[in-house]
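Visitor: Would you mind keeping the following structure in view while I ask a few things?
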Ligand code: GLU
């Protein structure tokens with residue numbers, strides 16, 4: 041490295057450090073300030089574009105922008121739009137996964153699905169083919185549809201009740217399906233159906249592939265606002281016990297494994313970058329939501345529909361990054377003794 045290269049390198053490093061570790065750390069109790077700052081910092085940002093491969097998602101108001109943070113002792117800090125609901129999309133994969141781990145134990149996911157990141161796009165067929173249906177992470181489409189196929193229930197209706205009840209318990213309220221989004225995707229999800237059938241060919245689909253894809257599509261269409269999503273995330277942060285309703289939804293052991301998978305594959309192809317910058321288990325959805333979990337501390341959710349090129353909400357990523365940075369809660373930030 042010559043002298044000028046060294047200088048450039050140090051400048052980049054310095055900037056990175058000064059962005060990540062603010063000189064004046066906000067006290068952990070200043071949650072409202074962190075949420076307000078993140079809201080103000082990005083409320084006028086106009087980057088990204090709504091998903092449109094599910095046609096109905098292109099019609100969602102791109103200016104929806106809401107932040108909610110719920111602590112494990114049930115305090116709620118919010119900013120922006122808390123009324124508008126968007127479909128959960130991929131965020132639902134987390135809660136169906138948690139329920140399957142709860143029902144069958146962590147070994148079942150390890151053996152029947154796999155927990156390594158595929159390194160491929162979220163709806164990749166090559167990823168299935170390369171591993172003959174094995175090692176398909178539960179938070180990308182093939183693994184998620186296979187996970188949905190594992191959910192307990194004698195038939196499709198019973199399985200749906202199970203999925204819905206799980207999501208309701210995590211949210212502490214009764215969620216509803218966004219019917220136009222569900223119909224829009226159900227009419228157009230040939231690729232997901234192909235994924236389910238290919239998995240079936242490899243004996244890695246555990247229910248009828250057409251019905252499993254339909255259940256998966258419906259769970260993705262569950263409608264949530266920022267508050268509801270944050271409570272779902274906070275339930276994970278609190279070891280599976282909803283901090284608002286007090287109900288134990290899943291066990292601490294289930295929560296541990298669910299959060300681990302979120303760390304490997306929560307933000308599509310940018311999961312590594314996310315872990316590097318923010319460090320928290322998280323999950324995004326093409327509806328525009330992102331949840332992140334600070335274990336033992338809080339769950340945070342941001343909704344803003346415009347996405348970047350890999351499918352993550354632009355504002356939600358930035359807002360959560362700022363909140364975690366300002367609270368000094370990157371889990372790998374260690375103050376030496
Ligand atoms: N229902 C969407 C799909 O299967 C979910 C995608 C996502 O949010 O990543 O394409």
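Numbering (this note's numbering), first residue to last: 41 to 377.
Note that the Cβ used here is the ideal one computed from N, Cα and C, for glycine as well.
Which residues in the same chain as residue 111 place their Cβ atom closer than 6 Å to its Cβ, once the five residues preceding and following it in sequence are excluded?
Guide: Around residue 111: 338.
Visitor: For residue 185 versus residue 236, is the C-beta spacing smaller than 8 Å?
Guide: Yes, the Cβ-Cβ distance between residue 185 and residue 236 is below 8 Å.
Visitor: If distances are taken between C-alpha atoms only, which option among 85, 94 and 225 comes closest to residue 257?
Guide: For residue 257, the nearest C-alpha among the options comes from 225.
Visitor: Compute the Euclidean distance between the alpha carbons of residue 113 and residue 89, then round it to the nearest angstrom.
Guide: The alpha-carbon atoms of residue 113 and residue 89 are separated by roughly 36 Å.
Visitor: Could you give the first and the last residue of the continuous beta strand (DSSP E) run that contains residue 247?
Guide: Element bounds for residue 247: n/a, residue is neither H nor E.
Visitor: Is the beta carbon of residue 211 less than 8 Å from the beta carbon of residue 126?
Guide: No. Outside cutoff.
Visitor: Helix, strand or coil, according to DSSP, for residue 302 in the structure here?
Guide: Three-state DSSP puts residue 302 in a helix.
Visitor: At the level of alpha carbons, what is the spacing between residue 149 and residue 217?
Guide: Their backbone Cα atoms lie some 26 Å apart in a straight line.
Visitor: Taking 7 Å as the line, does the beta carbon of residue 301 fall inside it for any heavy atom of the ligand GLU?
Guide: No, the beta carbon of residue 301 sits no closer than 7 Å to any heavy atom of the ligand GLU.
Visitor: If you measure between the beta carbons of residue 104 and residue 343, is that distance less than 8 Å?
Guide: Yes, they are a contact pair.
Visitor: State the start and end residues of the unbroken alpha helix (DSSP H) segment that holds residue 131.
Guide: Per DSSP, residue 131 belongs to the alpha helix (DSSP H) from 131-144.
Visitor: Would the C-beta of residue 225 count as close to the ligand GLU, meaning under 7 Å from any of its heavy atoms?
Guide: Yes, since a heavy atom of the ligand GLU falls inside the 7 Å radius drawn around the Cβ of residue 225.
Visitor: Within 7 Å: the Cβ of residue 100 and any heavy atom of the ligand GLU?
Guide: Incorrect: residue 100 has no Cβ contact closer than 7 Å to the ligand GLU.
Visitor: Do residue 355 and residue 71 have their C-beta atoms within less than 8 Å of each other?
Guide: No; because the gap between Cβ atoms is not below 8 Å, this pair is not in contact.
Visitor: Nearest-angstrom Cα distance between residue 142 and residue 291?
Guide: C-alpha separation (whole angstroms): 7 Å.
Visitor: In three-state terms, what does DSSP make of residue 358?
Guide: Residue state, collapsed to three classes: helix.
Visitor: Out of 278, 325, 282 and 280, point me to the one whose CA is closest to residue 261's CA.
Guide: Measuring from the Cα of residue 261, the nearest candidate turns out to be 325.
Visitor: Using the three-state DSSP reduction, which class does residue 77 fall into: helix, strand or coil?
Guide: Note: residue 77 maps to helix in three-state DSSP.
Visitor: Under a Cβ-count criterion, where at least 16 other Cβ atoms within 10 Å of its own Cβ denotes burial, should residue 286 be classed as buried or exposed?
Guide: Residue 286 should be labelled exposed.
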